[in-house]
Structure formats: C-alpha cells, structure tokens
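This report concerns only the one structure given below.
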Amino acid sequence: MVFSSTLFLFYFLPGFLLLYYAVPTRFKNTVALLASLGFYAWGGLNFLALFLGSVLINFVLIRFMDATSERWKQRIFLIISILLNVGMLFYFKYANFFLDNASALRSYFGGPPLTWEKVVLPIGISFFTFEKLTYTIDVYRGVNKPLKSFADFLLYIMLFPKMIAGPIVRFHEIAGQLTDRTAFDTVDQKLAGLFRFVIGLAKKVLIANVLGEQADIIFATTPASLGPATAWLGAVAYTFQIYFDFSGYSDMAIGLGRMMGFQFPENFNNPYISRSITEFWQRWHITLGRWMRDYLYIPLGGNRVKPSRLYINLWTVFILSGFWHGAAWNFIAWGAYHGLFLILDRLFLLRISQRLGALSIIPTFIVTVIGWVLFRAESLAQALAYLRAMVPQAPTAATLPVPYFTPEFWTILALAAAIAFVAAWPRAERAELGLLATSHFSFRQAAGLSTVTAVLLLLAVSYVAGSSFNPFIYFRF
Amino acid sequence: MLATNQERAKRVLLWLLLLMLLLPAVQAKFRLIQLAPLEGNFAEQAPRAVLNWQKLRDNTYQTDLERYLETRLGFREGLIRLRNQLRFTLFKASSSPFMVIGQQGVIFQDYPIKAYLGLDTIASLQIRFRVKQFKQVQQDLAARGIPLLFIMAPNKARHLAHLLPPHLPTPRLGQSNYEVFTAEMRQQGVALLDLNSLFKAWADTARYPLFSWGGTHWNAVGAALSADTITGRVEHLLHTPLPRLRAIGLPVITDTARGMDADLSRPLNMFQSLSAYPSVYPRLGPAPARPGERRPNLLLVGDSFSWGLMFFSPFIQHSFAPESRLWYYNSTVYLPDSFEHKDPAGSEVKKLDLRQQVESRQIVLVLVSEGNLYSREFELTPRLFDLYHPQSNEDKERIREIERKFVSQQSWEAQTQPGFAERMHEQAVATYYLEQ
Numbered sequence: 075m076v077f078s079s080t081l082f083l084f085y086f087l088p089g090f091l092l093l094y095y096a097v098p099t100r101f102k103n104t105v106a107l108l109a110s111l112g113f114y115a116w117g118g119l120n121f122l123a124l125f126l127g128s129v130l131i132n133f134v135l136i137r138f139m140d141a142t143s144e145r146w147k148q149r150i151f152l153i154i155s156i157l158l159n160v161g162m163l164f165y166f167k168y169a170n171f172f173l174d175n176a177s178a179l180r181s182y183f184g185g186p187p188l189t190w191e192k193v194v195l196p197i198g199i200s201f202f203t204f205e206k207l208t209y210t211i212d213v214y215r216g217v218n219k220p221l222k223s224f225a226d227f228l229l230y231i232m233l234f235p236k237m238i239a240g241p242i243v244r245f246h247e248i249a250g251q252l253t254d255r256t257a258f259d260t261v262d263q264k265l266a267g268l269f270r271f272v273i274g275l276a277k278k279v280l281i282a283n284v285l286g287e288q289a290d291i292i293f294a295t296t297p298a299s300l301g302p303a304t305a306w307l308g309a310v311a312y313t314f315q316i317y318f319d320f321s322g323y324s325d326m327a328i329g330l331g332r333m334m335g336f337q338f339p340e341n342f343n344n345p346y347i348s349r350s351i352t353e354f355w356q357r358w359h360i361t362l363g364r365w366m367r368d369y370l371y372i373p374l375g376g377n378r379v380k381p382s383r384l385y386i387n388l389w390t391v392f393i394l395s396g397f398w399h400g401a402a403w404n405f406i407a408w409g410a411y412h413g414l415f416l417i418l419d420r421l422f423l424l425r426i427s428q429r430l431g432a433l434s435i436i437p438t439f440i441v442t443v444i445g446w447v448l449f450r451a452e453s454l455a456q457a458l459a460y461l462r463a464m465v466p467q468a469p470t471a472a473t474l475p476v477p478y479f480t481p482e483f484w485t486i487l488a489l490a491a492a493i494a495f496v497a498a499w500p501r502a503e504r505a506e507l508g509l510l511a512t513s514h515f516s517f518r519q520a521a522g523l524s525t526v527t528a529v530l531l532l533l534a535v536s537y538v539a540g541s542s543f544n545p546f547i548y549f550r551f
Numbered sequence: 006m007l008a009t010n011q012e013r014a015k016r017v018l019l020w021l022l023l024l025m026l027l028l029p030a031v032q033a034k035f036r037l038i039q040l041a042p043l044e045g046n047f048a049e050q051a052p053r054a055v056l057n058w059q060k061l062r063d064n065t066y067q068t069d070l071e072r073y074l075e076t077r078l079g080f081r082e083g084l085i086r087l088r089n090q091l092r093f094t095l096f097k098a099s100s101s102p103f104m105v106i107g108q109q110g111v112i113f114q115d116y117p118i119k120a121y122l123g124l125d126t127i128a129s130l131q132i133r134f135r136v137k138q139f140k141q142v143q144q145d146l147a148a149r150g151i152p153l154l155f156i157m158a159p160n161k162a163r164h165l166a167h168l169l170p171p172h173l174p175t176p177r178l179g180q181s182n183y184e185v186f187t188a189e190m191r192q193q194g195v196a197l198l199d200l201n202s203l204f205k206a207w208a209d210t211a212r213y214p215l216f217s218w219g220g221t222h223w224n225a226v227g228a229a230l231s232a233d234t235i236t237g238r239v240e241h242l243l244h245t246p247l248p249r250l251r252a253i254g255l256p257v258i259t260d261t262a263r264g265m266d267a268d269l270s271r272p273l274n275m276f277q278s279l280s281a282y283p284s285v286y287p288r289l290g291p292a293p294a295r296p297g298e299r300r301p302n303l304l305l306v307g308d309s310f311s312w313g314l315m316f317f318s319p320f321i322q323h324s325f326a327p328e329s330r331l332w333y334y335n336s337t338v339y340l341p342d343s344f345e346h347k348d349p350a351g352s353e354v355k356k357l358d359l360r361q362q363v364e365s366r367q368i369v370l371v372l373v374s375e376g377n378l379y380s381r382e383f384e385l386t387p388r389l390f391d392l393y394h395p396q397s398n399e400d401k402e403r404i405r406e407i408e409r410k411f412v413s414q415q416s417w418e419a420q421t422q423p424g425f426a427e428r429m430h431e432q433a434v435a436t437y438y439l440e441q
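Each protein sequence line maps, in turn, to chains A and B. For the first sequence, my numbering gives the first residue as 75, with consecutive numbering after it. For the second sequence, my numbering gives the first residue as 6, with consecutive numbering after it.
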C-alpha cells in the first residue's frame, strides 16, 4: 500500500487517525501496532509470520544479552543477532544476484547454467533489518536499555509510516517516544504533520511523477539513438525525479509520525546545493548515511586509522551502501563511484571546492547526475552505453535533434530545479528549516498553513485520481 | 481564555482537513452529491473484490480491492476534471495520451497523425503483397458477380495539417502507408475510391469545413459528400440507380456539436468546454425516384468512419437493402440503423459462414482509414483469400523453404529478437505469392 494510493489516502489514513485520536493514550500504541501489522500484511501477508518470528527472536536474544553481565556472553548474543538479521537480508535480497552470477560464470566455463526458484524480496526488508540491527547494537553498547515490552519493540520495527522506505530510525532516537509521546501530542504538531505529509504527497505526484514519465521514456530509448542533449536531459530529469520521489516519501513518513506524536529524524536537507560529494552525503538520505557511519564506518576504524586504510574503509562502506540499494552491478558501481569521490574529496577536491565557494555546487551536481545514471539504468552495460551517449563523440550523435517535450515537462523541471536550488540562498534555507521545525503556530499561521495544505492536497489528490502512473521508486529497495 | 479559543479554532482546522481526506470515501459509499459522469475511454468501474484466503495470499484480493476503490472513489469525476482543466489551462495539454491539441484548439487523434507523418510505415514488399492479395480477392468476387470496392477514408491530420502542433516532425512525403498503398493499388488496377484525394479537391470549393474541430472523423458535410460519391460509385459498379438523398433546405449551423463531431472534445473531461467552432448539419431528404432504382444488399466492412454514413443522415439505410450489414472492424455485426443494434441473427463475424455471408451480397465495400491500413482490411482480405485459394502442401513447403533461407541470412542477434519467427514467416509468404 503506497502512501499516494486511493486506499491509503482515503480509507486507511483517515480511518486510522480517527481511531488513534479517539482512544485513550494507553491504547494508542496498540492501535498503531495493529494498523502497522495490517499495513504490512496488505502487501506482504506471506512474509508476516517470518517477519514476526525474526523480530521475536531478536527481542529474546537482546533480553538474554541484557540479562547477562559478562561481556563475552553479550558479544555472542550480539553476533547471533547480527548473523540472523544480515543472513535474512542476504538470503532474500542477494541470493538471486549471487546465483545469477555463479550461473553466468559456470556457463562461461562451459558448464550448464544453474536453475533455482527465484527468491521473492519481502517488502521493506532493507530498512527494517537496519533498524533491528540498531536496536541490537545500541543495547550492546549500553546506549539504551532494552524495551521491556515485545509489543513496544514490534511497534518500533513495524511503525507503518517508516517501515517500508524509511527514514531509518535508530533505536536511541525513538526509544523514549515509544512509551511516552505526550510532549508532542498537540494540535500544532498534528497540523504541522499533516502539512508535511501533504508537501511530500505533492512532491511525489505533482513533480516526481511528471518528470519520471519523461525520464522513463528517455532511459527506455536505445542509448545510441540519443543525442547528448537528450541523454543529459533524461539524466537531469531522473536526478530531480528521484529526489522529489524519495524526499517526498520521507516527508510523508515524517509528517505521519508527527501526527501520531513521533519525531522521526530528517532524511533530506536540500542535497543538490551541496558543494562536495562529502556534503552531499550529509544532506542525502541522512539516516542511511548516519547508520553507515555509526554501525559500519566507525567500527571499521573511522577516521582514526592511517590514510590508506581510511580510504579503503570509505570505499568499502560506499560499495556496501550501493549494494544495499539494489542487488545488481550498477548499484555497486554507483556506490563505488560515490566512494571514489569521497576519497578524492579528502585528497584534494575539498580544497578546490572551498576555493570555488558557491560555484562548486555546479560540479558537485554534475557528478551527482552522472552517478544517477548508474543508479537508474537497468544494468551496468546499459549505464555505460547511456553515459557514452552523454558524451558528444561523433558528429551524427551530436546533431541528433532533442525530441519534443511538453511545456508541462519543462515547467515542472524548472520548478523542481528552483525548489532544489533555492536553499543555496542562505535566507531561503533558514526560512525552509524554520517552517519545517516550527512546533507552535498562532491562529493566523495555522490558518495559512491549513489553506496551503488544503490547496496542495486537492491538487495532489486530483492527480492521484486522474493518473494511474503512480509507482514509488524506493519500493524497489 | 484566548489561548483556549485559539486551540479550539486550530482543532477545527485540523478536523476540516481530516474531513477532506474522509469525504471521498463517504461520497463513494452514499453518493451524497451527483456529479456528471466522465466521458470517453476512462477505465470502467472495477468489479467488487472477492475475498478468500487464496486471493489474500497471492495478493490478488488486495490489488482487486485497490482497483475497485480507485474507480469508485467519491468525487473522482470532479477530481479528474480538475486535473484535466489545470493541465489544459496551464499547458494546453490533453490528459489523454490519445489526443493532441492542435493550433486554434483543434483536436486530433494520435494515430492518424502518425499515419500522416509516415511514422508507422509498412515494408514495401508487404504492401505489394497485400495489394496483390486484395486485387485477387476483388477478382474472385467479381467472378461471382459481386463488386468489391476499397474506400480510403480521409484523414483529418492530412487535411488540417496546417493546424497540427508546430513541434511535430515534417511528414515524409510520398512515404506514408496511404501514399504507397494507393499508388500500388492504382498500378495494380484495384477498384479504389480515394476519399483522401477527393477531400483535398473538395476542400478548395466546399462552403463548409469537412471535419469538425472536436472530432476525429468526417463531419456531417464531409460524410454527406462522401456518401453521395460512394453511392454514385456503387451505381456505376452495379449499373443500376440507387435511391439517393438530396439537400432540402439550408443546413443547420449550430454551436452544439452532434454525435461524432465531439468524439474527441467530450472525453477531454474538463469543467469548462472548449470554445467550439460552429458545426454544420445539412438537411437532407429523399431525392425523386428514378426508373429502375433498387436497393442492393450491402456488406460494409469498416472502421468508425462507417457510423458517419448512418447517423448524420441515413445514407446506408436509404440507399441499400434492409438486409445490409456493417461488419465493424470485421468483428461485430451491426444493423445499419444504430450502434445499439447488433445483428440478432449473430453478432460475431468469426462465427458466421464467411462464404455464405459474402456471396449473398450484391456489393461489398471496405472502408479503411489511414491509421488502419496495417490491418489488412481488418483481416478480411486474408480470410477471403484463404477461402478462395487454400494453401496446398506444395505452397506450404515452398514457403517453409523461403523462410529457412531468410532465417539463415539473419544474424544471430536478429534471430533472438521478439517476433522474429512471425516476421520471417510473413516475409516468406509475401515473397512466395509475389513470385507467382
């Protein structure tokens, strides 16, 4: 069930909110948990038992870990929990990839291809696996005490706004709110949450979908028949599509959380105004970046190792990050590509971007656009062919005409660029952050906010009702 | 006290917003407000989802229910109109992928534009083969005393090309299927009535437009001129006069488009109708009877242009026998008075005895528009050809031989392409019959 579907918007969400607001505080977690179970079961009924089983085992393991005072025993429980979670992720997400490659290798050496029944990917496994790991590791590290109630733990993992596509909420960020959210249970929080949800919905259906239609057409064209201008246009359209799609989803999740009294961490902060790839990763999919830093990069040694080791660690982390996004070589290449620029940043690029000042936004954006080609392509071979099409090589390719794109596409592209880059102006960025962080409104402010919410909701809903083109990109992961 | 009032007012705002989310479901259930239904080719209402354990497990229940709720959503009509209106007002865009808004607000259908621009071309070998096959069928029926006439319907995109959106590519002159087909037909001596070229001639002299601004077919004037020409041609082929219609007064000129004249504009589904050009409807009545007149039994096999010969004015009903039938897309049988009336004796063409049906007629007309030229007269020609010239084992063996030769000439990569085998077979069949 995607947030922009008719079922979610007009049945599930209002039904849930009415019930959630109507019940006394002590039953709110129960309502939220039941709704989350229903939400997950709707798309993944076959995996529900497996999913609940894995959460239960994880919960019990951590209780055992907490019960023992000996560090080596705690370490054993930690390792079992990590193996269980990573093993599940590995099996469901990567088994097909490894078997495909093993089969291809076998065929290359003259053997018969392997045959196996394809493994089906459970919805949201990449996200909830990381959350289960944060619980395990945070408790092991002593950052938090384990939850006493299995229902609360289940709610942490399953909370429907963030379960399928994040933000990845680390346990210590939400531990307190799982048992007490009264501080955030105000009408202002709810209004702000609904506003945020509608902003996300509008980003998804009014911007990302329109750009996505054209990006899909361009990426579906044989790269050799694309002129460089068209190829760049497709890559830029996708660059904005994925941003407005994914950040729109995060806005919706954060907004829903706020309406329920939860404060989820921010996931995006105007990433395309970054002046380096290092900064990009502090602004793009922030919760993944933090997870990778805290639970992978720092345990590998972090910054306190010699430079050569540091570069290897950085690259490893980003290759794994690419692999987390998808079990295919193009995602690995995308991770490696970003990892490479992070290393180059540390070697010399950061110094250049400091000299360039705000101008360094442009080369950083171009590097990002090229990276998205690796991400968007169906295979590494297609990505490379597409990248070749972006380079004017032969006179014929350079003179291929740019196909016609509708005024609607150009307008939305310009709007997307304006929204994505306006925060490069510090006052605009401050105003945006101020608006999103506000937790108290005067009546006039609330009325203004509600009017904007109503208009955007009406617009977005009219597009939802009128368009069958409504897939969320991040559901692939 | 002030703070409490403010809180209360903000609560009201919140509940009003939540009501916005709830209302479509309430409207879906109770239909509190009646809205005008949507027009055109929108998804039909999905059936109610059936719940059982198997469907829940394989996720089909979930998909069915989502589709059901989507198509029944309250205020859907208004929401879709809002989106369409916004897209049209802001971007002059049609929300249907099948419609193109041209200059001065004239609306076109997409595939006739492609046909005019030459973007859907068929290989010349295939065209020669298809024309030869049609010519053969024409001779077969002529031998049985039944004239078969190919009528090329006019293309709005070709005749109002100056009103097409300026961003479209330049047409590939002489290369469109229409141009190649009609040239080949003339060369092979096929009986052809090319209304496309006649429309070009009439456009210079006609007092009124021959196409409506908001439809894809000929308008009442274009249909009347065409019907009169077709009747004249049939009289010539049958050597006998037919009852005719004639003008009985000045035409009606109105801002309200009738019938097919709005078959594109109505499905735009907007709040505000486009400012329409006036539509012209000739007033026709029976012409004085001539000696020896008779109404032949007609079989008309055609696409949607056929309706224009029946509904603006009753040409088919007036000039042809009551037993006459329309085989719409060579698929569904209609009585010639209404698209509501399928033939009670059998409405599926494929279930009819083709020989008996065709040979009981006195005239067969095939009416095809440019965008449908690929369809081999809606598969009528191959069926008739097979009827009169069934393939012998020798034919089949020779075709297989040619096919094998063609396949061996293709690269390995080409052989892995989807539809390769079918293409090779078609090419072998065409080559074989062209060799005859």
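Even for Gly, the Cβ is constructed at its ideal location relative to N, Cα and C.
- Query: Does the stretch 380-393 of chain B touch the stretch 129-143 of chain B, meaning 3 or more C-beta pairs lie closer than 8 Å?
  - Reply: yes
- Item | Span of the alpha helix (DSSP H), counted from its first residue to its last, around residue 349 (chain A) | From DSSP, residue 349 (chain A) is part of no alpha helix (DSSP H); its letter is neither H nor E.
- Can the beta-carbon of residue 256 (chain B) be found closer than 7 Å to that of residue 285 (chain B)? yes
- Which class does residue 216 (chain B) belong to by DSSP, given the choice of helix, strand or coil? strand
- Task: Kindly list, in the order they appear in chain B, the residues whose Cβ is closer than 7 Å to that of residue 91 (chain A).
- Result: The contacting residues are 23.
- Message: Quick check on the DSSP output: the beta strand (DSSP E) that includes residue 252 (chain B) runs from which residue to which?
- Response: Judged by DSSP secondary structure, residue 252 (chain B) falls within the beta strand (DSSP E) whose first and last residues are 250-252.
- Which residues mark the beginning and the end of the beta strand (DSSP E) in which residue 113 (chain B) is found? From DSSP, the beta strand (DSSP E) with residue 113 (chain B) extends over 112-114.
- Chain-order list of residues whose beta-carbon lies under 7 Å from that of residue 433 (chain B) (same chain, five-residue window excluded): 404, 407, 408 and 411
- residue 284 (chain B): first and last residue of the uninterrupted alpha helix (DSSP H) it sits in: First-last for residue 284 (chain B): 284-286, but that is the beta strand (DSSP E), not the alpha helix (DSSP H).
- Which value, in whole angstroms, describes the spacing of the CA atoms of residue 269 (chain B) and residue 318 (chain A)? 34 Å
- Roughly how many whole angstroms lie between the Cα atoms of residue 192 (chain B) and residue 378 (chain B)? 18 Å
- Query: Helix, strand or coil: how does DSSP classify residue 53 (chain B) here?
  - Reply: coil
- Cα-Cα separation, residue 188 (chain A) to residue 170 (chain A): 11 Å
- Query: Mind listing which residues of the stretch 496-530 of chain A have their C-beta closer than 8 Å to chain B's C-betas, in chain order?
  - Reply: 515, 516, 517, 520, 521, 524, 527 and 528
- Task: Please go through the same chain and pick out, in chain order, the residues whose beta-carbon is closer than 6 Å to the beta-carbon of residue 310 (chain B), but skip the five residues on each side of it.
- Result: 158, 222, 372 and 374
- Report back the beta-carbon spacing between residue 394 (chain A) and residue 417 (chain A) to the nearest angstrom; my notes put them in contact at under 8 Å. Not a contact, Cβ separation roughly 15 Å.
- Item | Three-state secondary structure (DSSP) of residue 438 (chain B) | Residue state, collapsed to three classes: helix.
- In this structure, does DSSP put residue 16 (chain B) in helix, strand or coil? helix
- Message: Classify residue 224 (chain B): buried if its beta carbon has 16 or more other beta carbons within 10 angstroms, exposed otherwise.
- Response: buried
- Interfacial residues, the stretch 138-165 of chain A to chain B, with Cβ spacing under 7 Å: none
- Message: For residue 192 (chain B), would you say it is in contact with chain A, using Cβ-to-Cβ distances shorter than 7 Å as the test?
- Response: So, not an interface residue.
- Neighbourhood of residue 315 (chain B) by C-beta distance below 6 Å, restricted to the same chain and skipping five residues each side: 321 and 341
- Return helix, strand or coil for residue 151 (chain B), following the three-state DSSP convention. Looking at residue 151 (chain B) - three-state DSSP - the assignment turns out to be coil, as it is neither helix nor strand.
- Message: Does residue 308 (chain B) come out as helix, strand or coil in the three-state DSSP assignment?
- Response: coil
- Task: Step through the CB atoms of chain B and report whether any lies within less than 7 Å of the CB of residue 84 (chain A).
- Result: With 7 Å as the cut-off, residue 84 (chain A) counts as an interface residue toward chain B.
- Message: Between the stretch 532-541 of chain A and the stretch 498-509 of chain A, can you find at least three pairs of beta-carbon atoms closer than 8 Å?
- Response: no
- Backbone CA spacing between residue 322 (chain A) and residue 334 (chain A) [nearest angstrom]: In this structure, the alpha-carbon of residue 322 (chain A) lies about 18 Å from that of residue 334 (chain A).
- Message: Please report the straight-line C-alpha distance between residue 198 (chain A) and residue 239 (chain A), rounded to a whole angstrom.
- Response: In this structure, the alpha-carbon of residue 198 (chain A) lies about 6 Å from that of residue 239 (chain A).
- Item | Three or more C-beta pairs below 8 Å linking the stretch 360-370 of chain A and the stretch 406-425 of chain A | no
- Is there at least one Cβ from chain B nearer than 7 Å to residue 381 (chain A)'s Cβ? Cβ-Cβ to chain B under 7 Å: no for residue 381 (chain A).
- Any idea if residue 132 (chain B) is buried or exposed, counting beta-carbon neighbours within 10 angstroms, 16 or more meaning buried? buried
- Would you grab the beta carbon distance between residue 392 (chain A) and residue 413 (chain A) for me? Rounded to a whole angstrom, and I think it's under 8 Å. 3 Å
- Task: Answer with buried or exposed for residue 365 (chain B), where buried requires no fewer than 16 other C-beta atoms within 10 angstroms of its C-beta.
- Result: exposed
- Cβ-based contacts, 8 Å cut-off: residues of the stretch 53-70 of chain B near chain A: 61, 62, 64, 67 and 70
- Sequence-distant residues of its chain with Cβ nearer than 8 Å to residue 213 (chain A) (five each side left out): 136, 139, 140, 219, 220 and 245
- Since I believe residue 487 (chain A) is in contact with residue 285 (chain A) (beta carbons under 8 Å), could you give me their beta-carbon distance rounded to a whole number of angstroms? Between residue 285 (chain A) and residue 487 (chain A), the beta carbon gap of about 6 Å places them in contact (Cβ cut-off 8 Å).
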